[in-house]
Amino acid sequence: MTRKIHGTCALLLLMLFSAYGQTNEICRTRSSAFYTAGPTRSDTFDITHTTIELDFSDWSSQSLDGRADLEITALQNGLDDLRLDLLNLSVDSVWVDSTSSTFSYTSPVIWVDFPTSWNSGEQHTVTVFYGGQPTTDASGWGGFYYGNNIAYNLGVGFDADPHNYGRTWFPCFDQFIERSTFTFKTLTTGGRISQCTGIRTVETLLGGDTLWTEWEMNQPIPSYLPGIAVGRYYRYTDSFTSMTGDVIDIEIAAQAGDTADVPGSFSHLTDALSCFETWYGPYHWDRVGYVLTGQGAMEHPTNVAYPAFTVDGSNAYDDLMAHELAHHWWGDYVTCSQAEHMWINEGMAEFSAHLFFECLNGRESYLNRVRNNWQQVLSAAHLNDGGFLAVDGVGHSNTYGTHVYNKGAGVAHSMRGYLGDSLFTYGLQQILADNALDSLSSASFQHQLSAATGMDMSDFFENWLYEPGFAEFGIDSVSLGANPEIWLSQGLRATTKTYENVPLEIGVFDASWNMEIVPVVVPNGSGQFSLSGLSSTPEFVVLDPQAKLMLGMTYEEEVFNAPGNRSVGRSGMTIEVIEENDSSYVRREHHWAGPRGSLATVHPAQISVNHYWSVRGSVSSSFKAMATMRYDGRVGQLDEDLANVTEDSLILVYRAPHTETWREYPYYTKDVMGNSSNRLGRMLIDSLLLGDYAFANGTTTIGLNDDRGQAPLRLYPNPAEDLLRLDGLDQESAYVIYDELGRSVRNGRIKEDESLSLVGLSSGSYHMQIGEAVLPFSVVR
Numbered sequence: 188m189t190r191k192i193h194g195t196c197a198l199l200l201l202m203l204f205s206a207y208g209q210t211n212e213i214c215r216t217r218s219s220a221f222y223t224a225g226p227t228r229s230d231t232f233d234i235t236h237t238t239i240e241l242d243f244s245d246w247s248s249q250s251l252d253g254r255a256d257l258e259i260t261a262l263q264n265g266l267d268d269l270r271l272d273l274l275n276l277s278v279d280s281v282w283v284d285s286t287s288s289t290f291s292y293t294s295p296v297i298w299v300d301f302p303t304s305w306n307s308g309e310q311h312t313v314t315v316f317y318g319g320q321p322t323t324d325a326s327g328w329g330g331f332y333y334g335n336n337i338a339y340n341l342g343v344g345f346d347a348d349p350h351n352y353g354r355t356w357f358p359c360f361d362q363f364i365e366r367s368t369f370t371f372k373t374l375t376t377g378g379r380i381s382q383c384t385g386i387r388t389v390e391t392l393l394g395g396d397t398l399w400t401e402w403e404m405n406q407p408i409p410s411y412l413p414g415i416a417v418g419r420y421y422r423y424t425d426s427f428t429s430m431t432g433d434v435i436d437i438e439i440a441a442q443a444g445d446t447a448d449v450p451g452s453f454s455h456l457t458d459a460l461s462c463f464e465t466w467y468g469p470y471h472w473d474r475v476g477y478v479l480t481g482q483g484a485m486e487h488p489t490n491v492a493y494p495a496f497t498v499d500g501s502n503a504y505d506d507l508m509a510h511e512l513a514h515h516w517w518g519d520y521v522t523c524s525q526a527e528h529m530w531i532n533e534g535m536a537e538f539s540a541h542l543f544f545e546c547l548n549g550r551e552s553y554l555n556r557v558r559n560n561w562q563q564v565l566s567a568a569h570l571n572d573g574g575f576l577a578v579d580g581v582g583h584s585n586t587y588g589t590h591v592y593n594k595g596a597g598v599a600h601s602m603r604g605y606l607g608d609s610l611f612t613y614g615l616q617q618i619l620a621d622n623a624l625d626s627l628s629s630a631s632f633q634h635q636l637s638a639a640t641g642m643d644m645s646d647f648f649e650n651w652l653y654e655p656g657f658a659e660f661g662i663d664s665v666s667l668g669a670n671p672e673i674w675l676s677q678g679l680r681a682t683t684k685t686y687e688n689v690p691l692e693i694g695v696f697d698a699s700w701n702m703e704i705v706p707v708v709v710p711n712g713s714g715q716f717s718l719s720g721l722s723s724t725p726e727f728v729v730l731d732p733q734a735k736l737m738l739g740m741t742y743e744e745e746v747f748n749a750p751g752n753r754s755v756g757r758s759g760m761t762i763e764v765i766e767e768n769d770s771s772y773v774r775r776e777h778h779w780a781g782p783r784g785s786l787a788t789v790h791p792a793q794i795s796v797n798h799y800w801s802v803r804g805s806v807s808s809s810f811k812a813m814a815t816m817r818y819d820g821r822v823g824q825l826d827e828d829l830a831n832v833t834e835d836s837l838i839l840v841y842r843a844p845h846t847e848t849w850r851e852y853p854y855y856t857k858d859v860m861g862n863s864s865n866r867l868g869r870m871l872i873d874s875l876l877l878g879d880y881a882f883a884n885g886t887t888t889i890g891l892n893d894d895r896g897q898a899p900l901r902l903y904p905n906p907a908e909d910l911l912r913l914d915g916l917d918q919e920s921a922y923v924i925y926d927e928l929g930r931s932v933r934n935g936r937i938k939e940d941e942s943l944s945l946v947g948l949s950s951g952s953y954h955m956q957i958g959e960a961v962l963p964f965s966v967v968r
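The sequence shown begins at 188 in my numbering and counts up one residue at a time.
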């Protein structure tokens with residue numbers, strides 16, 4: 188096939204034909220098995236600049252007609268040939284320094300023979316004339332597209348191996364570490380223009396509607412990051428004044444039907460730029476650019492391929508806009524050295540999208556997104572990605588999965604929590620400066636962050652990045668007397684590796700709900716910590732009250748001043764307050780690891796190994812509430828260990844705050860929702876107490892009399908003022924009364940119909956424990 192050779196004038200065309208007019212023969216065949224994504228070629232050759240010319244004048248062919256000039260420096264002596272990557276196109280000829288070269292091409296590999304050997308330090312130019320129908324990825328995402336009267340590329344393929352997909356439209360070293368600067372030259376007709384990475388340096392009408400355009404990308408980038416789009420685009424322009432004082436042009440290209448919506452959908456673009464400069468340092472590119480395409484988004488620097496449907500005039504996709512912009516720091520400016528370290532690109536960009544909302548709307552907006560993201564990670568990452576994975580070192584099929592994007596974002600947030608904002612910002616800025624326009628591995632990230640901040644981050648990376656699963660912390664017990672102390676323990680899910688040296692905050696509340704933060708470092712999964720030095724008497728405690736770490740716990744917290752409902756949210760528990768004449772603070776926690784403590788031996792049972800709930804806070808004497816928790820025993824769900832056949836033996840167990848023993852809860856009903864074999868149902872609590880709740884397997888005793896027909900125990904009146912009576916007790920028994928914080932406030936022995944004095948107990952919620960029975964009651968004054 189005869190190839191077209193491009194130029195800006197007839198003289199140039201004549202010169203090109205004179206220099207490259209010969210036809211090459213393929214003199215040898217080499218297997219494409221030599222093709223790898225690894226960095227070995229970059230140890231031998233350095234591609235310093237790539238010029239790509241593409242002729243789009245034959246639009247109806249929906250093909251590529253191109254030439255690539257690769258300026259290459261030899262890094263070793265005695266080099267005789269070169270391997271380039273090019274996928275499913277045809278190669279017409281190859282030239283080395285204006286000399287025709289023999290070559291072989293079996294997609295995706297071109298082998299080029301040098302006329303003479305190259306030695307270290309020599310600079311040469313390899314020119315490839317190529318064309319044909321471009322490839323899109325089997326996943327439906329990635330490659331070079333024609334559609335909706337535009338042509339464009341997406342620089343990675345989700346299924347492609349390797350994922351780098353520059354090879355779909357130009358010859359290259361298709362890997363993460365090889366970088367070059369680029370020149371793009373396009374010939375377009377029919378009112379079409381080109382948008383490429385970099386800055387536009389030439390745009391000239393050659394005659395009629397034939398347009399010649401040139402772009403320069405002055406910063407070196409890997410082969411997957413160059414971006415091009417061709418269509419009947421209109422350019423929306425703006426500018427941004429950088430923290431350096433430079434005025435940076437903004438250009439957003441859209442087709443006619445989308446132009447009116449561009450200003451609205453990008454109204455927060457400069458806010459995002461200011462945010463990321465504040466956290467990460469200056470924007471280091473010559474232009475800010477987005478081009479609307481059929482699919483996306485793809486972080487081609489200065490020319491982000493951005494899905495047109497998201498530009499609707501609203502800010503509904505601000506998170507996507509910010510994510511792609513953040514890649515200009517994480518992914519483009521500093522790039523992961525291998526796909527296994529993709530969290531550096533995608534996890535950091537997703538975290539940055541959350542961070543943008545803190546800059547825009549404040550801390551609560553940021554935390555809402557961070558916590559919603561983590562809820563998704565805990566509940567679905569292992570289902571989406573086929574198991575619990577480490578964030579670093581993912582396999583090929585999960586490079587762009589939930590663990591990398593979403594768990595990676597949560598890990599970045601926790602890294603911020605470990606370091607504090609000042610060290611976090613300084614450390615990241617130092618990493619960006621030290622690895623500017625270069626690649627970075629996870630191990631290098633760890634070592635450089637430790638060096639920059641002065642904090643040893645090895646435990647953090649070992650637990651959060653290199654291991655699968657999660658850690659969760661629970662409060663085993665609290666002493667809130669003259670010398671207050673707290674005992675913490677760690678639970679693990681999908682990992683056996685204890686999280687070491689975790690900086691955890693304890694929120695200590697007084698009776699007026701004023702909170703003081705007590706920071707501790709949990710050295711090896713558990714510990715006893717002093718809460719002394721507080722400015723007021725502690726009333727109750729919670730862990731990580733400012734959500735600085737994304738651990739295996741999600742929660743909702745509310746203040747109730749009247750009856751009302753709250754949805755499940757991130758707590759896994761709905762709540763309906765049916766009485767409230769004062770104010771109550773309730774925190775519903777869902778712990779995504781098995782509970783500690785022992786089960787009462789009266790019902791031998793297996794307690795959940797995957798999750799439990801804690802209800803904490805301070806409730807008034809008038810507070811009465813119901814709650815609902817759903818169970819799901821299907822494959823991969825939290826209750827698979829308990830309800831993997833039927834739901835018949837599933838029960839709800841409870842322990843009072845900060846006690847050890849779990850017992851069946853006396854005030855619930857199991858609702859199998861019409862089918863006891865589908866492993867789906869719910870537990871309906873008709874009287875919610877502060878304390879911990881879990882699902883277990885066992886034989887229920889709730890609502891059942893023993894062989895002697897004993898009636899269930901009942902306290903009355905409830906609420907009570909000064910006296911309390913007990914029905915259903917067949918013999919004198921020991922009792923303990925606990926307050927709402929789990930503190931023992933009274934104990935003794937009681938008989939049937941005996942009145943128990945409540946003098947000395949203040950208004951509030953209590954529960955009495957008699958044997959295995961837990962009986963809630965309230966005192967009103």
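Don't be surprised by glycine CBs; every beta carbon is placed ideally from N, CA and C.
Once you ignore the five residues that flank residue i on each side, which residues in its own chain have a CB closer than 7 Å to its CB?
{"i": "S524", "result": "F363, I364, S626, L627, S628"}
{"i": "S304", "result": "G265, L266, D267"}
{"i": "A261", "result": "F232, W305, N306, S307, G308, E309"}
{"i": "D572", "result": "N585, G588, T589, H590"}
Identify which residue in the options has its Cα closest to the Cα of residue i.
{"i": "L943", "options": "I924, R354, S307", "result": "I924"}
{"i": "L984", "options": "V283, Q956, L615, H541", "result": "Residue 984 is absent from the model: the chain starts at 188 and stops at 968."}
{"i": "G661", "options": "A698, S609, L786, T741", "result": "T741"}
{"i": "A325", "options": "E401, F544, D279, S584", "result": "S584"}
{"i": "I838", "options": "P844, V822, V859, D926", "result": "V859"}
{"i": "V709", "options": "N701, T682, W674", "result": "W674"}
{"i": "G885", "options": "V449, G641, A830", "result": "A830"}
So residue i is in the alpha helix (DSSP H); what residue range does that whole segment cover?
{"i": "L456", "result": "456-467"}
{"i": "E545", "result": "533-548"}
{"i": "Y613", "result": "608-621"}
{"i": "H510", "result": "505-513"}
Alpha carbon to alpha carbon, how far is residue j from residue i? Give it in angstroms, no decimals.
{"i": "V728", "j": "V343", "result": "48 Å"}
{"i": "Y467", "j": "I297", "result": "40 Å"}
{"i": "W849", "j": "F331", "result": "60 Å"}
{"i": "D256", "j": "T370", "result": "9 Å"}
{"i": "D361", "j": "R817", "result": "49 Å"}
{"i": "Q562", "j": "Y520", "result": "30 Å"}
{"i": "V961", "j": "S723", "result": "31 Å"}
{"i": "I765", "j": "K811", "result": "6 Å"}
{"i": "S952", "j": "G756", "result": "25 Å"}
{"i": "E847", "j": "G714", "result": "16 Å"}
{"i": "K594", "j": "W651", "result": "9 Å"}
{"i": "S244", "j": "E258", "result": "27 Å"}
{"i": "E941", "j": "P853", "result": "22 Å"}
{"i": "M404", "j": "T384", "result": "6 Å"}
{"i": "N934", "j": "L825", "result": "38 Å"}
Which first and last residues belong to the beta strand (DSSP E) in which residue i is found?
{"i": "L814", "result": "Reading off the sequence shown, one finds Ala at residue 814, where the question assumed Leu. It spans 811-819 - the beta strand (DSSP E) in which A814 sits, taken as one unbroken run."}
{"i": "I762", "result": "761-766"}
{"i": "G330", "result": "330-334"}
{"i": "E692", "result": "689-696"}
{"i": "V707", "result": "702-709"}
{"i": "L948", "result": "Where L948 is concerned, there is no enclosing beta strand (DSSP E), given that its DSSP letter is neither H nor E."}
Output needed for residue i: all residues of its chain with C-beta closer than 6 Å, excluding positions within five of it in sequence on either side, in chain order.
{"i": "R422", "result": "E438, A440"}
{"i": "N275", "result": "S294, T322"}
Can you tell me whether residue i is helix, strand or coil according to DSSP?
{"i": "S287", "result": "strand"}
{"i": "D252", "result": "strand"}
{"i": "R901", "result": "strand"}
{"i": "K594", "result": "helix"}
{"i": "P407", "result": "strand"}
{"i": "P302", "result": "strand"}
Leaving aside the five residues before and after residue i along the sequence, list all residues of the same chain whose C-beta is less than 8 Å from its C-beta, in chain order.
{"i": "A681", "result": "H569, F575, P655, G656, F657"}
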